[in-house]
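J.:
Numbering (the working numbering), first residue to last: 107 to 595.
1) Could you spell out where the beta strand (DSSP E) holding residue 273 opens and where it closes?
2) Go to residue 422, then tell me how far its alpha helix (DSSP H) extends in each direction, as first and last residue.
3) Is there at least one non-hydrogen atom of the ligand NAD closer than 7 angstroms to the beta-carbon of residue 437?
4) Would you kindly check if the distance between the Cβ of residue 142 and the Cβ of residue 174 is under 8 angstroms?
5) Spatial neighbours of residue 557 within its chain, please: CB distance less than 7 angstroms, with the 5 preceding and 5 following residues excluded, ordered by chain position.
6) Sorted by chain position, which residues of the same chain lie with C-beta nearer than 6 angstroms to residue 250's C-beta, five sequence neighbours on each side aside?
7) Looking only at DSSP bridge pairs, what is residue 226 linked to?
8) Within the continuous alpha helix (DSSP H) that includes residue 404, where are the two ends?
9) Measure the Cβ-Cβ separation of residue 182 and residue 138 and say whether it is below 8 angstroms.
10) Give me the residue from 166, 230, 177 with the minimum Cα distance to residue 191.
11) How should residue 578 be labelled, buried or exposed, when 16 other C-beta atoms within 10 angstroms of its C-beta is the threshold for buried?
12) Using only the alpha-carbon positions, how far apart do residue 430 and residue 267 sit?
13) Less than 8 angstroms between the CB atoms is what I'm expecting for residue 246 and residue 256, so what's the real figure, rounded?
14) Give a yes or no on whether the C-beta atoms belonging to residue 369 and residue 396 are separated by under 8 angstroms.
15) By the DSSP assignment, the alpha helix (DSSP H) with residue 231 in it spans what residues?
16) Using only the alpha-carbon positions, how far apart do residue 290 and residue 347 sit?
17) How about residue 522 and residue 469: do their beta carbons lie closer than 8 angstroms?
18) Under DSSP, the alpha helix (DSSP H) around residue 412 begins and ends at which residues?
19) Take the Cβ of residue 421 as the centre, count every other Cβ of all protein chains shown within 10 Å, and call the residue buried at 16 or more, exposed below.
20) Determine the direct distance from the alpha carbon of residue 403 to that of residue 382, and round the result to whole angstroms.
21) Beta-carbon within less than 8 angstroms of residue 598's beta-carbon, same chain only, minus the 5 sequence neighbours each way: which residues are those?
22) Just to check my reading of the structure: residue 150 and residue 179 have Cβ atoms closer than 8 angstroms, yes? What is that Cβ distance to the nearest angstrom?
23) DSSP beta-bridge partners for residue 247?
24) Taking the alpha-carbon positions, what's the residue 177 to residue 166 distance?
25) Residue 533 by DSSP, collapsed to three states: which one?
26) Using a Cβ-Cβ cutoff of less than 6 angstroms, which residues in the same chain neighbour residue 110 once the five nearest sequence positions on both sides are dropped?
27) Which stretch, first to last residue, makes up the beta strand (DSSP E) that contains residue 150?
28) Within this structure, are the beta carbons of residue 475 and residue 409 separated by less than 8 angstroms?
29) Report the partner residues of residue 438 according to the DSSP bridge assignment.
30) How far does the beta strand (DSSP E) with residue 168 in it reach, from first residue to last?
31) Out of curiosity, what's the CA-to-CA distance linking residue 449 and residue 342?
32) Considering only C-alpha positions, which residue in the set 140, 152, 161, 418 is nearest to residue 107?
33) Who pairs with residue 174 in a beta bridge, going by DSSP?
34) Using a Cβ-Cβ cutoff of less than 7 angstroms, which residues in the same chain neighbour residue 232 once the five nearest sequence positions on both sides are dropped?
35) How about residue 100 and residue 253: do their beta carbons lie closer than 8 angstroms?
36) Taking the beta strand (DSSP E) that residue 115 falls in, what are its first and last residues?
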């Protein structure tokens, strides 16, 4: 379809129109409007454009209205659009006029509501690829962008979007990023809305009588939806650093272990001796998890109740978190860090996840110390299970707990502490909560509380149980011991 003007122009009193499989170019694209040129009340509803292709047009899809007009353009959908070197691919213009100096911002406009742009690809020949130029008095509402992927044409380095007084939401990928948000509302629109879409009677408005009559003849548009900007994910650096630290400690433990020097016989008994030499692993009968000896782990800070209690080496409650009994044990814990820890850090940040990792590891060490019986054969515990929350990983860790050098108590204690800390550190605002800083001054908006009642109850309960658990463990570990009656005075 070639034209010196709009390929398709949709005028006033247009309802229930479906346009499919259009190839437009050259021309001015597909337009709804111009509407309201002489101040008349217009109505356009349920217009759907699907699978439209534009080739070198001056516009893509456009809604254009005059400020002197009134009425509504409602329920419009543009779906599966393709732009080939198109200037102004997406436009909504409530200030359309022929004056080269632009039109003044009037207190009237055609209300544009419920417009969806779903699925658009291609190239823009203008720097502003998405331009939403709406009225301050009657802004555009419920504009939705979904899966928009526009790129600059070869003549441009980048493209952007421009918005004035437009409100809506994004779904999926939107490039260039749509610019409507509450911050824009605050900077361009303070005082323009007072309550539920009513235009405020600010001092510059001297036609109050006409203004009230206008409100009676035409209902005000619905209030804009207050949607704070989507929070950007944190850059995960702490969890990868913990992963590297654990791997480095394991490599160092194998270097310090030096399996060939501990074997009284053929060096072939050390696993992979011909390839790893000094870094080779102890025989399988000594360590089924393919790692160093118990002596080496104890030397590096493995958890030993006798050393923690009798020799006051409290630091072992934390140092054991960075040690692993073998390759199998290391891989199991590191998989949880990769698949769970990194995602949690992106969502909640390094500080919360760092505290969660250390405190849950400490909880595991504390429970492990209480269950290590020094009267039995010498037993140590290593490893941290702060972030092992997947059922499969928990089962694997519990299975490894029945092997030498690995203690199930540490896994269970770490899981319990991490579970409780989740209610304390990873609490999120309830759905629909809007921070006060995103609400413009003068807008009467009833906010939801930040958290629901049950969230506070769970937070307090988890904190009390965690503190009592830590206190109980420390008292049992270092508490007052009964006096031995056989002790000489």
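Even for Gly, the Cβ is constructed at its ideal location relative to N, Cα and C. Just so it is clear, the structure is predicted and the values come from calculations on it, not from any experiment.
T.: Reading off the structure:
1) Start and end: 272-281.
2) For residue 422, the enclosing alpha helix (DSSP H) has its first and last residue at 422-425.
3) In terms of ligand content, the structure shown is empty, and the ligand NAD therefore cannot be addressed.
4) Residue 142 sits close to residue 174, with the two beta carbons spaced by under 8 angstroms.
5) For residue 557, where only same-chain residues beyond five positions count, the Cβ hits under 7 angstroms are 533, 535, 536.
6) 222, 274, 275.
7) Answer is 187, 254, bridged to residue 226.
8) Looking at the DSSP string, the run of the alpha helix (DSSP H) that includes residue 404 is 400-406.
9) Yes, they are a contact pair.
10) When each option's Cα is compared against that of residue 191, the closest is 230.
11) In this structure residue 578 is exposed. Its beta-carbon is surrounded by fewer than 16 other beta-carbon atoms within 10 angstroms.
12) Their Cα atoms are separated by approximately 52 angstroms.
13) 19 angstroms between Cβ atoms; not a contact.
14) No; because the gap between Cβ atoms is not below 8 angstroms, this pair is not in contact.
15) Premise fails: residue 231 is in no alpha helix (DSSP H) and is neither H nor E.
16) Unreliable positioning characterises residue 290 in this predicted model, as indicated by a pLDDT of 38, which lies under 50. The coordinate reading is nonetheless provided below. Between residue 290 and residue 347, the C-alpha separation is close to 38 angstroms.
17) Residue 522 places its beta carbon less than 8 angstroms from that of residue 469.
18) Here the alpha helix (DSSP H) through residue 412 covers 411-415.
19) With fewer than 16 other Cβ atoms within 10 Å, it is exposed.
20) Taking the Cα positions, residue 382 is about 19 angstroms away from residue 403.
21) Residue 598 lies beyond the residue range present for the chain, which begins at 107 and ends at 595; the question has no answer from this structure.
22) The pair is a contact, with the Cβ atoms about 5 angstroms apart (cut-off 8 angstroms).
23) By DSSP's assignment, residue 247 forms a beta bridge with 219.
24) One C-alpha to the other measures close to 24 angstroms.
25) If DSSP states are grouped into helix, strand and coil, residue 533 belongs with coil.
26) Result list for residue 110: empty, nothing under 6 angstroms.
27) From DSSP, the beta strand (DSSP E) with residue 150 extends over 147-161.
28) Contact: yes.
29) DSSP output for residue 438 lists no bridge partner at all.
30) Annotation for residue 168: the continuous beta strand (DSSP E) segment containing it runs 167-171.
31) One alpha carbon belongs to residue 449, the other to residue 342, and they sit about 8 angstroms apart.
32) Among 140, 152, 161, 418, the Cα nearest to that of residue 107 belongs to 161.
33) In the DSSP secondary-structure assignment, residue 174 is not bridged to any residue.
34) Beyond the five residues adjoining it in sequence on each side, residue 232 comes within less than 7 angstroms, by CB distance, of 193, 194 in the same chain, given in chain order.
35) Residue coverage of the chain in this structure runs from 107 to 595, which leaves residue 100 outside it and unanswerable.
36) Per DSSP, residue 115 belongs to the beta strand (DSSP E) from 114-116.
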